[in-house]
Each structure stands twice: as C-alpha cells, then as structure tokens.
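Heads up, the thing below is written out as structure tokens.
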C-alpha cells in the first residue's frame, strides 16, 4: 500500500473519532455516551476507508462518466416527471411515479455512461481525461510496435516528438505474450516489455497509459483504431491489417518498415563501403557480406578475407526481393582508426 495513502486514511479515521467526541462535547444530552459515539465514529471512518479500497480500480474517467450519467438520468426523470402526463391524478401516486422515474433513469444513465466511458470523448470531444495540453500531437502505440523494438531507438534519436498513448489492454496483451508457454512468443513478449522500460527511461519521451478495457480479444484492433480516431492521434503499428483498417477509417498511421526503407542509404557505383564478410560466394574468389539494412554484398577476389572486415568499391547494384544486391571489388582489409 502507498505510504501516503495509509497516512491519509489513518488521519481520516482519527478525524472521524475526534468529530464524534466533539459532537458529544457540544450536546450535553450525549455527554454520557462519549465512548459509544467514538466507537460509532471509528466504524464510520472504517466504512468510508473500506469503500475507498473497494473503489481502487475506479479511475477519474469512470468518475466523470458516472457524474455525467447521473446528471443525464436526473434530467430525463425531471423532464418526464414535469410533463403533462403527470399533471393530474392522485398526488401520492404521482410522487411514487416520480420517485420510480428518478431511481430508474439515474440507474440506467449511470450504467450506460460507465459501459461506454471510452465513447465519452465523442460526446464532449475536448475532454481528454489527461492533464496535458490539447494541442500536443499524440500517437497510439499497439503491441506489434512494442514487440518490434525499433520504437525505442527512434524515440532515443528525438525524431518522434509526440505523446505516446499506450492503452492498458495493450499492456495486458503484451503481458499475456510474455507469459506464453511458447518460447518464441515468450521472447517476443519480454522484448516488448523491455522496450517499454527503455521508453520509460527516456526522460524526454511523454508516455501516457490510457485506461481502457476490451471485453473480447478480437475487438483490440477496432478499439485501437477508435482510440486513435477519437483522440485525433496517429497509430503506430507494424501490423499491415491494422494499418489497412486505420486507413479505411481515416486514421493516419506510422509504419516503421516504411521509415526503415526511407532511411536506407543510396548506393552509388564507384563508392567505397566497409563490410564484414561472413561466408564464401558461389563463384570462385567471391565472398558475401551484409550491410546494416540487410542488403547482400558480393565482393570479388575476397574469399581469403572471410570473417574479416574489408573495404570494397561498388561496381553494380541490383534490386532484389529483400532489398538490394551489391556487387563490389576488393580494395583491401579495413583497418580501424
């Protein structure tokens, strides 16, 4: 338990006991029952603290929705109760009908508001439920972007200047992947959690956990698109199906794969490159290496340098399904400065 909350709760219980004692002090008829009054004050304090503990998961978003639901229910019951339908009749019957309307309408308004508390942004679009400026650009991050891992490196370079919105159901899904019995899924989930910790360690990155629930797993994609749409945010994902859904709904999305492709350096014939040779090539004397973007480099007359880093001159570039295939001729072993 948070120590500050514990102190506040103990102080509140003490104030309830003190208030009960002061009530007996001010009313002479109750002067002989101070002990009982203090016990009653203690019980009231404990009851309020118990209610506080039971409402632990009740967020500010839920409180706002609850208030809105109560207000709308009260307004509807008042409009029906003051309508010509209840102008004439037995006053006692009219009173009971108005009381029933009040109870039913406020209950239904509260339930509907709490059930659709995430839709509340559409009713009052300028209520963001976060203590931040409305004009800050926002990006909703999905599970695939966290598992991918590159988002932390992009944010570290300060190229992504926006508030990162991470829904709570994304965290739940990520935790579920990390707890999976499948070793591959488990490793991906743990990498996503590590990326999340790396993002939290970056002080210049604005991370906001959005309290939102999803009842069914298949609703996650629709909920992500809805959040991005209602919050006027972009969607960061590596899932092409989710990206297609977002594009159809008019939501802008950020593609890490497209960013990686755009940042690949243009290779020009005659340019010198440094590459580490990893294995022999098919033809005699050839050796193969790879650039940082995954492009394969075929170096002539370099088989003797397999396992070493060499400098080569580009003599040809061909596009391939996985990027580019670069042909080069050996200039010599790369000597680190």
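Numbering (the working numbering), first residue to last: 2 to 338.
We treat Cβ as the ideally placed atom computed from N, Cα and C, and that holds for glycine.
- With contacts defined as CB atoms closer than 8 angstroms, residue 278 and residue 268 fail to qualify as a contacting pair.
- Positions of the alpha helix (DSSP H) runs, each at least 4 residues long and wholly inside the stretch 23-79, are given as 35-55 in order along the chain.
- Burial check for residue 86: the Cβ neighbour count within 10 Å stays below 16, so the residue is exposed.
- When the alpha-carbon of residue 271 is set against those of 25, 247, 317, the nearest one is in 317.
- If you look at residue 291, you'll find it in the beta strand (DSSP E) that goes 288-291.
- Runs of alpha helix (DSSP H) with 4 or more residues, each lying fully within the stretch 229-265, are found at 241-249, 257-263, listed in chain order.
- For residue 275, the enclosing beta strand (DSSP E) begins and ends at 273-281.
- Residue 312 sits in a strand when the DSSP states are folded into three classes.
- In this structure, the straight-line span from the alpha carbon of residue 45 to that of residue 138 is close to 46 angstroms.
- Of the candidates 183, 304, 325, 330, the residue whose Cα lies closest to the Cα of residue 312 is 330.
- Here residue 203 is near residue 157, since their CB atoms are less than 8 angstroms apart.
- Beta-bridge partners assigned by DSSP to residue 329: 300, 315.
- Leaving aside the five residues that flank residue 208 on each side, the residues in its chain whose CB is nearer than 7 angstroms to its CB run, in chain order, 165, 167, 200, 201.
- Annotated as proximal: residue 140 and residue 163, with beta-carbon spacing under 8 angstroms.
- Distance from the CA atom of residue 221 to the CA atom of residue 69, rounded to whole angstroms, is 26 angstroms.
- Distance between residue 260 and residue 183, taken at the CA atoms: about 30 angstroms.
- Going by DSSP, residue 201 is part of no beta strand (DSSP E) but of the alpha helix (DSSP H) stretching over 184-202.
- Under DSSP, residue 165 takes part in a beta bridge, and its partners are 140, 208.
- Within the same chain, Cβ atoms closer than 7 angstroms to the Cβ of residue 147 are found at 175, 193, 196, 197, the five residues on either side in sequence being excluded.
- In the structure shown, the three-state DSSP call for residue 157 is helix.
- Our two residues, residue 191 and residue 297, have alpha carbons roughly 30 angstroms apart in a direct line.
- Under DSSP, residue 334 takes part in a beta bridge, and its partners are 311.
- The bridge partners DSSP lists for residue 320 are 325.
- The DSSP-derived three-state label of residue 82 is helix.
- Its chain contains 286, 331 as the residues whose beta carbon lies nearer than 6 angstroms to that of residue 302, once the 5 sequence neighbours on both sides are disregarded; these appear in chain order.
- Here residue 143 is buried: its Cβ has 16 or more other Cβ atoms, across all protein chains shown, within 10 Å.
- As the crow flies, the alpha-carbon of residue 105 is around 11 angstroms from that of residue 112.
- The continuous alpha helix (DSSP H) containing residue 114 extends over residues 92-116.
- One thing to note: residue 107 has its Cβ within 8 angstroms of the Cβ of residue 71.
- The alpha-carbon of residue 40 is positioned some 11 angstroms away from that of residue 14.
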